[in-house]
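Here is the structure we will look at, set down as structure tokens.
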Amino acid sequence: MKKHQDTLQRFVFENTPVRGNIVNLTQTFQQAFKHQELPAGLRRALGELMAASALLSATLKMNGALVLQIQSKGLLKLLVVECTTDLNGAIKIRATAKWSGEISDDQTIFDLIDHGQFMITLDPKDGGQAYQGIVSLEGDSISAVLENYMVRSEQIDTRIWLCCDGESAAGLLIQKLPETMNQVTQAQDLDTWNRVSHLASTVTNNELLHLPTETLLTRLFNEEDVRLFEASPTAFFCSCTRESVSNMLRMLGDEELTSIIEERGNIEVNCDFCNTLYTFDKVDAAQLMVTDTVIITSPEIH
Ligand SMILES: [Zn+2]
Numbered sequence: 005m006k007k008h009q010d011t012l013q014r015f016v017f018e019n020t021p022v023r024g025n026i027v028n029l030t031q032t033f034q035q036a037f038k039h040q041e042l043p044a045g046l047r048r049a050l051g052e053l054m055a056a057s058a059l060l061s062a063t064l065k066m067n068g069a070l071v072l073q074i075q076s077k078g079l080l081k082l083l084v085v086e087c088t089t090d091l092n093g094a095i096k097i098r099a100t101a102k103w104s105g106e107i108s109d110d111q112t113i114f115d116l117i118d119h120g121q122f123m124i125t126l127d128p129k130d131g132g133q134a135y136q137g138i139v140s141l142e143g144d145s146i147s148a149v150l151e152n153y154m155v156r157s158e159q160i161d162t163r164i165w166l167c168c169d170g171e172s173a174a175g176l177l178i179q180k181l182p183e184t185m186n187q188v189t190q191a192q193d194l195d196t197w198n199r200v201s202h203l204a205s206t207v208t209n210n211e212l213l214h215l216p217t218e219t220l221l222t223r224l225f226n227e228e229d230v231r232l233f234e235a236s237p238t239a240f241f242c243s244c245t246r247e248s249v250s251n252m253l254r255m256l257g258d259e260e261l262t263s264i265i266e267e268r269g270n271i272e273v274n275c276d277f278c279n280t281l282y283t284f285d286k287v288d289a290a291q292l293m294v295t296d297t298v299i300i301t302s303p304e305i306h
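For the sequence shown, the residue numbers in my numbering are 5 to 306.
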């Protein structure tokens, strides 16, 4: 069944500091995992993280990349989602995971994380300062973990609902912008926030995954004055290029590259995100090495 195009849509509650956005990822999700065989729990977690990355980047209104990355020493090694917003507001997402051993379908990432670290990185492509924050892994769901982070680190009241059924992912976020000095409006704003959060919390996974944004907002916030903005298209896109792979290979050093060539005849690199295969033969590898102007003698690795 072909659904409508994937979108992210912002909305505001008129004359209040409460705003939100909704994201729907069906094609994006399916394209992202077309070439990746993942345990069901990791697939669901990546779906939720993809939805979260789009919701959070939309609240930041920045052009550039937002990366959500969980690293751990348990069976789960790495979950990474990158969400890039271009100048026209189009959103591109890619995601991948690394793990070891057998993972059963009903295991969630919280069963698989040991000594976990959750990082959020903002990399504005317009020359602004990059930012990296550590998200405390407290909570029993990705949305709870991110809500805690937003309230504690960013001091912005935020509620997030995320879901993924293994075929598509979706999310809803609402936020209350920092208060004004006026005490009367402060009380009204708090009242609006409490009412709207309560209404939003009635959302079901089924509604989030299957209802068009407008229908969902009407159903949830029937009595509220909601203004919906134009939707931003959202799609899977992998930014890997032969050049970025070349740069990564150069970092391995001449010695390592020479030994791979001697051993295997050529160097093959598969992009984890999109499964594109980049092959470098002996001549290509020599070119990679030629561009090194500084020779650093590194200690033996093997
Ligand atoms: Zn790629």
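Glycine is no exception: its CB is placed at the ideal position from the N, C-alpha and C atoms.
The model shown is predicted, which means the values in this text are computed figures rather than measured ones.
Boundaries of the alpha helix (DSSP H) harbouring L59: A44 to L64, taken from the DSSP string. The beta carbon of S172 sits closer than 7 angstroms to the beta carbons of L29, T30, F33 and L213 from its chain, once the five residues preceding and following it are set aside; these are given in chain order. Inclusion of N270 and D258 in the CB contact set at 9 angstroms is not warranted, their separation being larger than that value.
For Q136, the uninterrupted beta strand (DSSP E) segment begins and ends at Y135 to V139.
Fully enclosed beta strand (DSSP E) runs of no fewer than 3 residues occupy 161-168, 173-180 and 230-232 of the region 158-238, in order along the chain. Straight-line spacing of the CA atoms in K129 and A69 works out to 7 angstroms. Here E52 is buried. Its C-beta has 16 or more other C-beta atoms within 10 Å. In summary, R163 is buried, with 16 or more beta-carbon neighbours lying within 10 Å of its beta-carbon over all protein chains present. In this structure, the CA atom of S57 is about 10 angstroms from the CA atom of T63.
Under the rule that a run must span 3 or more residues, the beta strand (DSSP E) segments found entirely inside the region 89-146 read 95-103, 121-128 and 135-139. Excluding its 5 nearest sequence neighbours in each direction, N279 has C-beta neighbours in its own chain below 6 angstroms: H39, listed in chain order. DSSP places E272 inside the beta strand (DSSP E), whose first and last residues are I271 to N274. The three-state secondary structure of F15, taken from DSSP, is strand. Counting along the chain, the unbroken alpha helix (DSSP H) around F33 starts and ends at Q31 to A36. For E18, the closest of K180, L91, E267 and Q111 by C-alpha to C-alpha distance is K180.
Ranked by how close their Cα comes to the Cα of G131, the residues D193, N67 and I74 have N67 in first place. With a cut-off of 8 angstroms, the C-beta of F277 is classified as near ligand 1, since at least one heavy atom of the ligand falls inside that distance.
Contact annotation: the region 79-98 touches the region 236-252, with at least three C-beta pairs closer than 8 angstroms. Look at E260 here: in three-state DSSP terms it is helix.
For Q73, the enclosing beta strand (DSSP E) covers residues G68 to Q75.
When DSSP states are grouped into helix, strand and coil, N279 belongs to the coil group. Around the beta carbon of I138, a 10 Å sphere encloses fewer than 16 other beta carbons of the protein chains shown; the residue is thus reported as exposed. For D288, the enclosing alpha helix (DSSP H) stretches over residues K286 to V294. In this structure, DSSP gives E267 a helical state, which the three-state scheme calls helix.
Looking at E266, F277, L232 and R254, the one whose alpha-carbon comes closest to that of F37 is F277. Distances between the C-beta of R98 and the heavy atoms of ligand 1 include at least one below 8 angstroms. Beta bridge pairing from DSSP links R23 with V16 and Q179. Note that the C-beta distance between G24 and A204 is below 9 angstroms.
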